[in-house]
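As structure tokens, the structure follows; a few thoughts come after it.
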Amino acid sequence: QAQPLEAVAASVSVHDGELLEASGVTRLESLEQITPGLSFQSFGQAGVHSPVMRGISAQFFSFSSSTLLLVDGVPTLMAQGFDDGLLGVDRVEVLRGPQSTLYGRNAEAGVINVHTRKPDNTPRAAVSTALSSRSGRALRFDLSRPVVQDTLYASVAGEWSQQDGFIRNLATSRREDDRERRNLKMALRWTPDARTEASLRYARQAFDDGAALWGSPSARRATVQSGTPSWNRSASDTLSLDVAHDFGAGIKLRSITAYNSYRDRIQQDTDFQPLDTLHIARDHHFRNLSQELRLEGKAGAAQWLVGLYADRDDHDLLNTQKLLMAQTQSAAALRGHNTALFTNWTVPLTAQWTLEAGARVERNQADFTPAGRAKQSTSDTNISPKLALRYQFAPDTQAYFSMSQGMRAGGFNVFVPAANYAAYTPEKLRSVEAGVKGKLAGERLRYSAALYRMQMRDMQVQQMPVPGMVYITNAASGHSTGAEFELDWLLGQGWQWASGLASTTARSIPSGIGPTFCAGRRTPCARGVLG
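Per the numbering used here, numbering of the sequence shown is gapless, rising by one per residue and ending at 1748.
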């Protein structure tokens, strides 16, 4: 629901699209430079990033993420395809802390919500180019105009970039790790009357890269000796229909139908020898079809929202491993269904006190079928509540206290036949947060500060009971404690000062049998970000 930033009982960063472009923040992973509490674990492969919010992250082969990515309502629920070219962006909202009440599974630690600019009656055109080291060159454009005045509008935005490799391959005398990226976004918006609008959007990202940034530990960073052709030819396609209608009297209905497809296709050397003796390859096709309905309105001074969500996962997985004397392939099908009912209420108690309460009931089912084996199934039902209390000191100053719960979906160890592809259950997170935010200096200075404590149970961690056998299980509990601060100051004469600071301590405690990779240690990439 639309509301002033100062009235949101949560730690939120909002980045204006034009300022992002002017600052050179043109990739999703670059948001970590300007967003406290957010970072990314890179896998060296374009198009694949694991978000880390407040020290919480997810394992790559869990096919889930701890932070949800939404681009115009289209969800990305895993590290594979967790990327966006930030083309034609109106704003990017980063919500820190559990958001599962309104956004569902895999919004366990937060949400990155990208909103592209809506085409309207105002014609727009922007073109930019860039040059960089290693013969890097890039072209970006953003065009928008009305097709039928006051009724039909269209926009198209695109990006092409290319960069030569810097890793010298001694076996072939070539430069590896060349990179090429192509992005496209198109939108058609229809406003038949003042109360109704519909937007049809299509987006595509395509990568054509050389070898990932891997290499022998004993080799110099800029050299490698590999006789294996290594490449990344992954691509994503998304299509969505967003329809909104205002019935009057404050009652609004919104429907978002979305389809998201990501093809993860790579081949990578693993022994870095002149002969093609050992390598791995993936050909994974991830598909998600989702439907969300939201109805909002007012009951006296209170605001309410109710919603229904359903989606379907349809994933085909193929792993290839080349060994010295043979080549093995592991194929599997992973299917899933998710349905949820959710509500959120904002109720003024007095002139200064406001109560916000919500809950989500969610049902998940996953079916996993390894090639040549029987189907396995798992299901669970989760309730994600939220409660927040706000106190308005002044028209532009408020303090809040919130309690909420987040959830990350469970799954199967899809490539561990020795463990019978064992299933693992959802990871749960409970959070308490207190904060203050407001404006000063005639609304030219905006500030916010937050303290939080998050408790995780049934943590999804990697275990290695015997050498060479690695799998995910629910074998730990943990906590994340930290603070965040942001300051945005309009200095005048076109100058703006934006700063932020986050400090996070995240730690996990093993509760299962056998060694774990995170036993009694800090969770991966638990760090603060200064932007």
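Virtual Cβ for every residue (Gly too), placed ideally from N, Cα, C.
Supposed contact pair Gly-1327 and Thr-1284 - C-beta distance, whole angstroms, cut 8 Å: So it is a contact: roughly 5 Å between Cβ atoms.
Whole beta strand (DSSP E) elements within the stretch 1478-1560, 3-residue minimum: For the stretch 1478-1560, whole beta strand (DSSP E) runs of length 3 or above, ordered along the chain, are 1496-1516 and 1519-1539.
Any 3 or more C-beta pairs closer than 8 Å across the stretch 1643-1663 and the stretch 1248-1260: The stretch 1643-1663 is not in contact with the stretch 1248-1260.
Reduced DSSP secondary structure (H/G/I, E/B, other) of Ala-1700: Ala-1700 falls in the strand class under three-state DSSP.
Through-space distance from Tyr-1669 to Lys-1654, alpha-carbon basis: So the alpha carbons of these two residues sit roughly 15 Å apart.
9 Å Cβ cutoff met for Gly-1298 and Asp-1481: Yes, they are a contact pair.
Buried versus exposed call for Thr-1346 [16 or more other C-beta atoms within 10 Å across all chains shown]: Exposed, since its Cβ has fewer than 16 Cβ neighbours within 10 Å.
According to DSSP, residues forming a beta bridge with Gln-1276: For Gln-1276, DSSP assigns no beta-bridge partner whatsoever.
Short Cβ contact (9 Å threshold) for Gly-1623 with Ser-1648: A distance below 9 Å separates the beta carbons of Gly-1623 and Ser-1648.
Ranges of the beta strand (DSSP E) found wholly within the stretch 1599-1678, counting only runs of at least 3: Secondary structure remark: continuous beta strand (DSSP E) runs of at least 3 residues inside the stretch 1599-1678, in chain order: 1614-1625 and 1644-1657.
Identity of the residues DSSP links to Val-1373 by a beta bridge: DSSP lists Leu-1360 and Met-1403 as partners of Val-1373.
Per DSSP, the bridge partner or partners of Arg-1308: As a beta-bridge residue in DSSP terms, Arg-1308 pairs with Asp-1233 and His-1332.
Same chain only: Cβ atoms within 7 Å of Ala-1588, ignoring 5 sequence neighbours per side: If we look at Ala-1588 and ignore the five residues flanking it on each side, its Cβ neighbours are Ala-1548 and Ala-1549.
Reduced DSSP category for Leu-1707 - H, G, I as helix; E, B as strand; rest coil: Here Leu-1707 sits in strand by DSSP.
Endpoints, beta strand (DSSP E) assigned at Thr-1455: Where Thr-1455 is concerned, the enclosing beta strand (DSSP E) stretches over 1452-1465.
Length of the line joining the Cα atoms of Glu-1513 and Val-1523: So the two alpha carbons sit approximately 6 Å from each other.
Local conformation of Glu-1249 per DSSP, three classes: When DSSP states are grouped into helix, strand and coil, Glu-1249 belongs to the helix group.
The alpha helix (DSSP H) enclosing Leu-1348, as first and last residue numbers: Under the DSSP assignment, Leu-1348 falls outside any alpha helix (DSSP H), being part of the beta strand (DSSP E) whose first and last residues are 1341-1349.
DSSP-derived helix/strand/coil call for Leu-1255: In the structure shown, the three-state DSSP call for Leu-1255 is strand.
Chain-order list of residues whose beta-carbon lies under 6 Å from that of Thr-1243 (same chain, five-residue window excluded): Leu-1303.
Thr-1445 - DSSP class collapsed to helix/strand/coil: Reduced to three states, the DSSP call for Thr-1445 is coil.
Val-1746 (DSSP reduced to helix, strand or coil): No answer about Val-1746 holds up, because its pLDDT of 27 lies below 50 and its placement is not dependable.
Contact check, Asp-1788 vs Asn-1338, beta carbons under 9 Å: Residue numbering for the chain in the displayed model covers 1218 to 1748; residue 1788 lies beyond these limits and cannot be assessed.
Collapsed DSSP secondary structure at Thr-1243 in the structure displayed: The answer is coil: DSSP assigns Thr-1243 none of H, G, I, E or B.
Cβ shell of Ala-1342 (< 6 Å), same chain only, five flanking positions each side left out: Contacts found: Leu-1360.
Distance between beta carbons of Gly-1695 and Arg-1271, contact taken as under 8 Å: Wrong, their Cβ atoms sit about 12 Å apart, outside the cutoff.
Whether Ser-1378 touches Ala-1420 by CB criterion (9 Å): The answer is no: Cβ separation not under 9 Å.
Classification of Val-1309 by the beta-carbon crowding that lies within 10 angstroms, buried from 16 upward: The residue is buried, with at least 16 neighbouring Cβ atoms inside 10 Å.
Heavy atom of the ligand PLP within 8 Å of Tyr-1419 beta-carbon: The model on display carries no ligand, and the ligand PLP is accordingly not part of it.
Three-state secondary structure (DSSP) of Glu-1238: Helix, per DSSP.
Contact belief for Ser-1274 with Ser-1267 at Cβ below 8 Å, rounded distance in angstroms: About 6 Å separates the two Cβ atoms, so the contact holds.
Burial state of Thr-1598 (16 or more Cβ within 10 Å): It is exposed - the Cβ of Thr-1598 has fewer than 16 other Cβ atoms within 10 Å.
Range covered by the beta strand (DSSP E) that runs through Thr-1318: Counting along the chain, Thr-1318 falls outside any beta strand (DSSP E), though it belongs to the alpha helix (DSSP H) covering 1317-1320.
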